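Student: My questions all concern the structure below.
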Amino acid sequence: MSEPYFFEQTFNSHYLPIRGEYDGCFFKGLNFSDQDLSSYSFNECTFQDCNFSMAKLNNTAFRDVKFKGCKMMGLRFEDCNSFGFSIALEDCTLNHASFFQVKMRKTVFKNTSLMEVDFSEADVSESIFHDCPLSMAVFNRTNLEKCDFRTAFGYSIDPEKNRLKNARFSTSGISGLLDKYHLMIED
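Put into structure tokens, the structure is as follows:
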């Protein structure tokens, strides 16, 4: 039996979607926290003001999906379906999440809290971190080439353990590249 298919529908807080494929759908104010979203497929969908905290994402497909104002604590994106994985986040809280070994080039993180997020061995090249707090985020063997960190803050990135060719940083953010040396940098 095939999964249900939904096209260009709007779902509000009175409805929790069933497992299926969603194309071009809009979700507003839904609470997915602690839900099992395994094997759901979201293509070109937008989630606004939704709560995904601690949701299970085994084989969940996020293809060209936008999250706006969402709470997304403790998510393990490495469990998602990797084929076509593409997300954009704006005004979200995505703390304590993991993108271990996820390929997500050209991702836009705009005004999104990324504290204690694990980007180890991920490919986030050409991504933009616009006004994002990155305190205690983990970058280890991460491809950060051509990333834009000019307005990001609170990060600690070891240039010897990550790929940073042509990445952009502000002068005020340089100290985040030198943390391991325990230098006292003053203005």
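Residue numbering for the sequence shown follows the numbering used here, beginning at 83 and increasing consecutively.
For each residue, glycine too, the CB sits at the ideal point set by N, CA and C.
All of these numbers come straight from a predicted model, not from anything done at the bench.
Write down the C-beta distance between CYS214 and LEU196 rounded to the nearest angstrom, noting that I regard them as a contact closer than 8 Å.
Tutor: For this step, residue 214 is matched to residue 132 along the sequence shown. For this step, residue 196 is matched to residue 114 along the sequence shown. At roughly 5 Å, the Cβ-Cβ gap stays under 8 Å, so CYS214 and LEU196 are in contact.
Student: Based on Cα-Cα distance, which residue from ASN244, PHE108, CYS127, MET155 lies nearest to GLN117?
Tutor: The residue labelled residue 117 in the question sits at position 35 within the sequence shown. The candidate whose alpha carbon is nearest that of GLN117 is MET155.
Student: Where PHE191 and GLY102 are concerned, what is the direct C-alpha to C-alpha distance, given to the nearest angstrom?
Tutor: Within the sequence shown, the letter at position 109 stands for residue 191. Within the sequence shown, the letter at position 20 stands for residue 102. Answer to the nearest angstrom: the Cα atoms are 27 Å apart.
Student: Would you please state the rounded distance, in angstroms, between the beta carbons of LYS185 and GLU208? I believe it to be under 8 Å.
Tutor: Counting from 1 along the sequence shown, the entry for residue 185 is found at position 103. Counting from 1 along the sequence shown, the entry for residue 208 is found at position 126. Between GLU208 and LYS185 the Cβ distance is about 12 Å, and since that is not below 8 Å, they are no contact.
Student: Would you say MET136 reaches chain C, if we count a Cβ-Cβ gap shorter than 8 Å as a contact?
Tutor: Within the model displayed, chain C is absent; a lone protein chain is all it includes.
Student: For ASN177 and ASP240, I'd like the C-alpha separation in whole angstroms.
Tutor: Position 95 of the sequence shown, counted from the start, is the residue given in the question as residue 177. Position 158 of the sequence shown, counted from the start, is the residue given in the question as residue 240. So the alpha carbons of these two residues sit roughly 21 Å apart.
Student: Have a look at the DSSP bridge pairing and note the partners of PRO71.
Tutor: Residue numbering for the chain in the displayed model covers 83 to 269; residue 71 lies beyond these limits and cannot be assessed.
Student: What residue range is occupied by the uninterrupted beta strand (DSSP E) comprising ARG250?
Tutor: By 1-based counting over the sequence shown, the position of residue 250 is 168. First-last for ARG250: undefined, no H or E at that position.
Student: THR175 and SER202 - do their beta-carbons sit closer together than 8 Å?
Tutor: Taking the sequence shown and counting its residues from 1, one reaches residue 202 at position 120. Taking the sequence shown and counting its residues from 1, one reaches residue 175 at position 93. Pairing SER202 with THR175 gives a Cβ-Cβ distance that is not under 8 Å.
Student: Whole angstroms are fine: how far does the CA of ASP200 sit from the CA of SER123?
Tutor: Locating residue 123 in the sequence shown gives position 41, where the first residue counts as 1. Locating residue 200 in the sequence shown gives position 118, where the first residue counts as 1. Spanning the two alpha carbons is a distance of roughly 24 Å.
Student: What does the alpha-carbon distance come out to for the pair THR253 and TYR237?
Tutor: Looking up residue 253 in the sequence shown gives position 171. Looking up residue 237 in the sequence shown gives position 155. Distance between the alpha carbons of THR253 and TYR237: 13 Å.
Student: Can you list, in chain order, the residues of its chain whose CB lies under 7 Å from that of TYR87, leaving out five sequence neighbours each side?
Tutor: Stepping through the sequence shown from its first residue, residue 87 is reached at position 5. Excluding positions up to five away in sequence, the list reads GLY102, GLU103.
Student: Please report the residue range of the beta strand (DSSP E) in which THR128 lies.
Tutor: The sequence position of residue 128 within the sequence shown is 46, counting from 1. Counting along the chain, the beta strand (DSSP E) containing THR128 begins and ends at 128 to 130.
Student: Whose C-beta lies closer than 8 Å to the C-beta of ASN141 among residues of the same chain, with five residues either side of it excluded?
Tutor: Looking up residue 141 in the sequence shown gives position 59. Here ASN141 has SER120, SER121, ASP161, CYS162, ASN163 as same chain residues with Cβ atoms under 8 Å from its own Cβ, once five neighbours each way along the sequence are excluded.
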